[in-house]
Each structure stands twice: as C-alpha cells, then as structure tokens.
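K.L.:
In this note's numbering, the protein residues as written are 9 to 277. Before I ask anything, here is the structure I am working with.
This is the structure in structure tokens:
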C-alpha cells in the first residue's frame with residue numbers, strides 16, 4: 009500500500025507522537041516518512057518542534073541526517089567541555105592546601121621587627137591577637153566556600169558530561185538501526201534533560217571561576233601585611249573580571265533565547 013493514498017481513499021489515523029495532534033493521511037506530501045501524510049498545519053507544528061525534520065516534497069520523507077549530525081555534534085562539544093572543566097576543577101581541588109595558622113611571630117612588617125617596634129603593652133598584643141583571629145575566620149570561611157564550589161563544579165560537570173554523552177550515544181544507535189520515529193519521540197521527551205544539562209554546565213563553569221578566586225585566599229594566604237594587601241588587590245581584580253564575564257554570558261544567553269531559540273521559554277520539565 010502506498011504511503012500517499014489518493015483523495016478517494018479514506019484517511020487512516022496514525023499513532024500519537026510526543027503529544028502532537030494525530031497526523032491524518034488525506035493526500036499531500038509525506039510528513040515524517042514513517043507512514044502517512046500530514047496537512048500543512050501538522051507539518052508546520054512538526055518542523056517547529058523538530059528542526060532537523062525535512063518537509064516539502066515527497067522526496068523529503070526521511071530525517072535530515074545532516075541536521076541531526078550537527079545537533080549530535082553539539083552535544084559532544086558540551087560533553088567535551090564539561091569533561092575538561094571537571095578535570096581542571098579536580099586539579100585545583102587537589103593542589104590547593106589549607107593555609108597555616110598565624111602565630112605571634114607573624115606580627116612583623118617584613119624586616120624582622122614588630123609593627124610598632126616592640127610590644128610594650130598588653131593591649132597592643134591583644135589587638136594583634138584579635139586581628140589574627142579575624143583573618144583566620146576569613147580564611148576558614150574562604151576554605152569552606154572553596155571546597156563547596158569545587159564539589160558543585162565537579163558534580164555538575166560530571167552530570168553534564170554523562171547526560172550529553174548518553175544522549176549522543178543513544179541517538180546515534182537509534183538512527184543507525186533505522187529507528188527514526190523512536191528517535192524523534194526520544195528527542196522530544198528528553199528536552200527537559202537537555203536543558204538541565206545546559207544549566208548544569210553553566211553552574212559548573214561559574215562554580216569553577218569562584219573556586220579559582222577563593223584559591224587565592226587559601227593557597228596564597230600570606231602572613232606578611234604587605235603581601236596581604238597585594239593579595240586583596242589581586243582578588244578584587246579577579247572578582248571584577250568574573251562579574252564582567254558573567255554579565256556578558258548572561259547577555260549572550262538572553263540573545264540566544266530571544267533570537268535563536270524562543271522555544272526555550274516554553275519547555276516543560
């Protein structure tokens with residue numbers, strides 16, 4: 009039986025695919041290529057949801073494998089970048105050590121003398137001790153935040169790598185076996201997972217950037233007051249660069265969601 013019945017042949021209802029309205033075979037060009045022919049409205053809906061499905065003439069009854077390959081290669085790029093990011097964060101986690109505790113001997117100005125020459129009063133000694141405790145609390149906070157950011161970055165990067173790697177492998181396997189209809193359904197049903205993978209990738213990237221800045225406060229936590237001032241300047245410059253970068257990333261994603269992928273706002277998880 010031909011998949012394109014003439015006008016006199018009664019229509020035959022096809023199975024429902026991914027919640028899209030049933031495609032009726034009443035004449036015209038084929039829609040998917042795995043049975044039946046849809047009207048203009050059905051074809052428009054399908055092309056909006058699956059941008060890699062060909063539409064038009066009777067020869068376009070197969071998936072556009074070129075577009076499918078481009079989409080799957082994009083997933084592989086995500087997985088590769090996430091794996092590299094995870095590895096970099098692991099190296100940072102292993103190489104950064106907790107700073108040493110400060111002692112009374114660390115209250116000098118770098119040339120072996122005390123800050124005020126010599127400590128002559130108990131009050132001066134107590135003030136310097138309180139200052140050391142404040143610096144120690146700040147370092148303890150930075151160490152805890154560093155470990156938290158590295159753990160979040162590693163786990164998020166691993167999640168992204170596994171998700172996009174599995175999507176690429178499973179999709180190629182389905183297409184290689186000729187399961188075009190099943191692939192289309194699988195691709196639509198996994199839209200929420202793909203979006204969660206993108207969000208996880210962004211989370212891993214931001215967490216890694218923050219962890220790198222915090223490492224400056226842990227690994228290079230200098231005891232000398234002059235070096236501490238240089239350290240604060242370095243951390244401040246890094247924080248400014250991070251804020252500018254995040255602003256540009258946010259703007260880029262906004263433009264992409266507005267101009268390239270307006271359907272992002274309509275995805276249901």
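Just so it is clear, CB atoms sit at the ideal spot from N, CA and C, and this is done for glycine as well.
If you drop the 5 nearest sequence neighbours on each side, which residues of the same chain put their C-beta closer than 6 Å to that of residue 215?
P.N.:
Once the five neighbours on either side are set aside, the close Cβ partners of residue 215 are 157, 160, 161.
K.L.:
What number of angstroms, rounded off, separates the C-alpha of residue 146 from the C-alpha of residue 152?
P.N.:
Cα-Cα distance, rounded: 10 Å.
K.L.:
Flag this pair as touching only if the region 210-225 and the region 95-107 have three or more C-beta atom pairs under 8 Å; answer yes or no.
P.N.:
Short answer: they touch.
K.L.:
Can you have a look at residue 83 and say buried or exposed, based on whether 16 or more other CB atoms are within 10 angstroms of its CB?
P.N.:
Looking at its Cβ environment, which holds 16 or more other Cβ atoms inside 10 Å, residue 83 is buried.
K.L.:
Give the range of the alpha helix (DSSP H) segment to which residue 185 is assigned.
P.N.:
That residue, residue 185, is in no alpha helix (DSSP H); it is neither H nor E in DSSP.
K.L.:
Where do the ends of the alpha helix (DSSP H) carrying residue 96 lie?
P.N.:
Element bounds for residue 96: 73-103.
K.L.:
If you run the structure through DSSP and keep just helix, strand and coil, what is residue 198?
P.N.:
If DSSP states are grouped into helix, strand and coil, residue 198 belongs with coil.
K.L.:
Measure the Cβ-Cβ separation of residue 168 and residue 205 and say whether it is below 8 Å.
P.N.:
It is a contact, given that the beta carbons lie within the stated cut-off.
K.L.:
Would you call the region 185-192 and the region 135-144 touching, i.e. three or more CB-CB distances under 8 Å?
P.N.:
No, the region 185-192 is not in contact with the region 135-144.
K.L.:
Note down the Cα distance separating residue 91 from residue 163, rounded to an integer number of angstroms.
P.N.:
Cα to Cα, residue 91 sits roughly 11 Å from residue 163.
K.L.:
Sorted by chain position, which residues of the same chain lie with C-beta nearer than 8 Å to residue 220's C-beta, five sequence neighbours on each side aside?
P.N.:
Once the five neighbours on either side are set aside, the close Cβ partners of residue 220 are 100, 246.
K.L.:
How would you call residue 86, buried or exposed, if buried means at least 16 neighbouring beta carbons within 10 angstroms?
P.N.:
Buried, since its Cβ has 16 or more Cβ neighbours within 10 Å.
K.L.:
Taking the C-alpha atoms as reference points, what is the distance between residue 170 and residue 178?
P.N.:
Answer to the nearest angstrom: the Cα atoms are 12 Å apart.
K.L.:
Assign residue 45 to one of three DSSP states: helix, strand, or coil.
P.N.:
Confidence at residue 45 is low in this model, with a pLDDT of 39, below 50, so its placement is unreliable and the value that follows should be read with caution. Here residue 45 sits in coil by DSSP.
K.L.:
Look at residue 226 and residue 176 and say whether their C-beta atoms are less than 8 Å apart.
P.N.:
Result no, Cβ atoms of residue 226 and residue 176 do not sit closer than 8 Å.
K.L.:
Using C-beta distances below 7 Å, list every residue in its chain close to residue 134, excluding the 5 sequence neighbours before and after it, in chain order.
P.N.:
Cβ neighbours of residue 134 beyond the five flanking positions: none.
K.L.:
Residue 180 and residue 80: beta carbons closer than 8 Å?
P.N.:
Yes.
K.L.:
Looking only at its own chain, which residues have a Cβ that is under 6 Å from the Cβ of residue 267, when we skip the five neighbours before and after it?
P.N.:
Cβ within range, chain order: n/a, list empty.
K.L.:
For residue 104, is the classification buried or exposed, using 16 other Cβ atoms within 10 angstroms of its Cβ as the cut-off for buried?
P.N.:
Classification of residue 104: buried, given that the 10 Å Cβ count is 16 or more.
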